[in-house]
Amino acid sequence: MSRWIDRLLVAALVVVVAVLCLTALPFLAGHTLGGPGLLTHMFASGALVIGLPVFALAFLRHLPYPSRAGRLYSLGFLATVALGFLTIATVFLCMLPVPATEQMHALMTAHGWIGFAMVPAIVLLLLGMLRSRRTASHLHS
Ligand code: HEM
Numbered sequence: 009m010s011r012w013i014d015r016l017l018v019a020a021l022v023v024v025v026a027v028l029c030l031t032a033l034p035f036l037a038g039h040t041l042g043g044p045g046l047l048t049h050m051f052a053s054g055a056l057v058i059g060l061p062v063f064a065l066a067f068l069r070h071l072p073y074p075s076r077a078g079r080l081y082s083l084g085f086l087a088t089v090a091l092g093f094l095t096i097a098t099v100f101l102c103m104l105p106v107p108a109t110e111q112m113h114a115l116m117t118a119h120g121w122i123g124f125a126m127v128p129a130i131v132l133l134l135l136g137m138l139r140s141r142r143t144a145s146h147l148h149s
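Following this line, the structure appears as structure tokens:
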């Protein structure tokens, strides 16, 4: 049962991050986000703000993972969570009456790149999950 909850959480994370990255693609072409794309980005970002802590708490129980495959898993997990919280933090910092306009631009640029860096982190996590599962089924066979 808990394995299915893990799979559901990872699938939801993959979908939400995919939507966030797809809606942020204009940034890579040097454009600003706008229209329905920006609206979808905002919806998906709400899902990440709620979902990331749930995912992080649920997956913490797997740490530390001593096997080699488990190290990949742990690295992918920690990178995904750290980068996810940093993307959120950059937006929250912009909401405070502290940064100047230039600093806000810098924060949003960092926000975009940190967000895109979640893709390789999630790939690591998925590879680690696959390998750990294979190692586990090999041990039990
Ligand atoms: C995989 C995750 C994410 C990626 C790849 C991503 C990417 C981006 C990019 C590239 C931009 C445009 C930056 C610029 O114009 O300089 C942007 C804007 C924005 N993002 Fe994200 N983002 C992600 C997650 C989030 C999250 C979790 C939040 C909310 C907490 C969020 C809220 C925003 C906001 C408010 C903007 C500004 C929109 C505007 O131009 O008015 N994003 N994002």
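Numbered per my numbering, the sequence shown spans residues 9 to 149. Virtual Cβ for every residue (Gly too), placed ideally from N, Cα, C. Predicted model only: the values in this text are computed from it and were never measured.
Among ILE122, GLY42, PHE100, HIS119, nearest to VAL31 - alpha-carbon criterion: As a first step, residue 31 must be located in the sequence shown, where it is residue number 23. Just to set this straight, residue 31 is Thr in the shown sequence, not Val. That would be GLY42, whose Cα lies nearest to the Cα of THR31.
Distance cut-off 7 Å: HIS70 Cβ against heavy atoms of ligand 1: Taking the first residue of the sequence shown as position 1, residue 70 is located at position 62. False, no ligand heavy atom lies under 7 Å from that Cβ.
Cβ pair VAL59, LEU21 closer than 8 Å: Taking the first residue of the sequence shown as 1, we reach residue 59 at position 51. Taking the first residue of the sequence shown as 1, we reach residue 21 at position 13. Here residue 59 is Gly; the residue named in the question, Val, does not match the sequence. When the beta-carbon positions are compared, GLY59 and LEU21 come within less than 8 Å of each other.
For review: beta carbons within less than 6 Å of any heavy atom in ligand 1: Chain order is used for the residues whose beta-carbon lies nearer than 6 Å to a heavy atom of ligand 1, namely VAL25, LEU28, CYS29, ALA32, PHE35, THR40, LEU41, LEU46, HIS49, SER53, LEU56, VAL57, THR95, ILE96, VAL99, MET116, THR117, HIS119, GLY120, GLY123, PHE124, MET126.
Where GLY38 falls, given that 16 or more other Cβ within 10 Å makes a residue buried: Position 30 of the sequence shown holds residue 38. By the neighbour-count definition (other C-beta atoms within 10 Å, threshold 16), GLY38 is an exposed residue.
Where the alpha helix (DSSP H) containing MET50 begins and where it ends: Residue mapping note: residue 50 aligns to position 42 of the sequence shown, counting from 1. Segment 43 to 68, the alpha helix (DSSP H) holding MET50.
Per-residue DSSP class, three states only, for LEU147: As a first step, residue 147 is located in the sequence shown; it is residue number 139 there, counting from the start. A caution first: LEU147 carries a pLDDT of 48, below 50, which makes its placement in the model too unreliable to give a value.
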